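Below: one structure, written as structure tokens.
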């Protein structure tokens with residue numbers, strides 16, 4: 017089941033080696049790297065879309081709109097690389113995991129994705 021898209025265009029997005037955090041005026045959300053199935057960079061729209069899978073298996077797309085999409089995309093790739101260094105035998109990244117569509121948007125399958133049931137909730141408990 018895929019839930020409706022949520023667009024973040026006013027607020028704060030923070031990246032750590034543990035998770036992606038976005039904070040809006042009335043709510044905040046944490047996306048764990050191991051539950052992030054893929055992300056798509058929409059260059060022309062200045063957006064990055066994250067496909068996140070909850071512990072119950074529900075898919076949700078979160079779209080972050082920012083003029084700094086290039087920095088956000090670069091930071092995501094750098095963090096994924098750093099996390100791969102921590103567990104090199106568990107994660108391999110192949111060129112087939114990156115695709116570009118006709119509009120120029122680039123999708124990245126997350127090599128760190130471990131599925132919905134990894135025994136830990138989104139807050140790390």
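Numbering (my numbering), first residue to last: 17 to 141.
Think of the CB as a built atom: it goes at the ideal place given N, C-alpha and C, for glycine as much as any other residue.
The structure displayed is predicted, hence computed values, not measured ones.
At a cut of 8 Å, does the stretch 83 to 91 reach the stretch 66 to 75 through at least three beta carbon pairs?
The stretch 83 to 91 is not in contact with the stretch 66 to 75.
Nearest CA to the CA of residue 124: which residue from 72, 79, 78, 55?
Measuring from the Cα of residue 124, the nearest candidate turns out to be 55.
Give the C-beta separation of residue 121 and residue 57 to the nearest angstrom, bearing in mind that I take them to be a contact with Cβ-Cβ under 8 Å.
That belief holds up - the Cβ atoms of residue 121 and residue 57 are roughly 6 Å apart, short of 8 Å.
Tell me which same chain residues have a C-beta within less than 6 Å of the C-beta of residue 73, skipping the five on either side of it?
Excluding positions up to five away in sequence, the list reads 132.
Look at the Cβ atom of residue 126, then the Cβ atom of residue 52, and state whether they are nearer than 7 Å.
Note that the C-beta distance between residue 126 and residue 52 is below 7 Å.
What residue does the beta strand (DSSP E) around residue 55 start on, and which one ends it?
For residue 55, the uninterrupted beta strand (DSSP E) segment begins and ends at 52 to 58.
Does DSSP put residue 84 in a helix, in a strand, or in coil?
In the structure shown, residue 84 sits in coil (DSSP, three-state: anything other than H, G, I, E or B).
Report the CB separation of residue 80 from residue 64 in whole angstroms; it is logged as a contact under 8 Å.
About 5 Å separates the two Cβ atoms, so the contact holds.
Given a threshold of 16 other Cβ atoms within 10 Å of its Cβ, counted over all protein chains shown, does residue 78 qualify as buried or as exposed?
A residue is called buried once 16 or more other Cβ atoms fall within 10 Å of its Cβ, and residue 78 is buried on that count.
Indicate the three-state DSSP secondary structure (helix, strand or coil) for residue 128 in the structure shown.
Secondary structure of residue 128 (DSSP, three-state): coil.
Report the three-state DSSP secondary structure of residue 115 (helix, strand or coil).
In the structure shown, residue 115 sits in a strand (DSSP, three-state: E or B).
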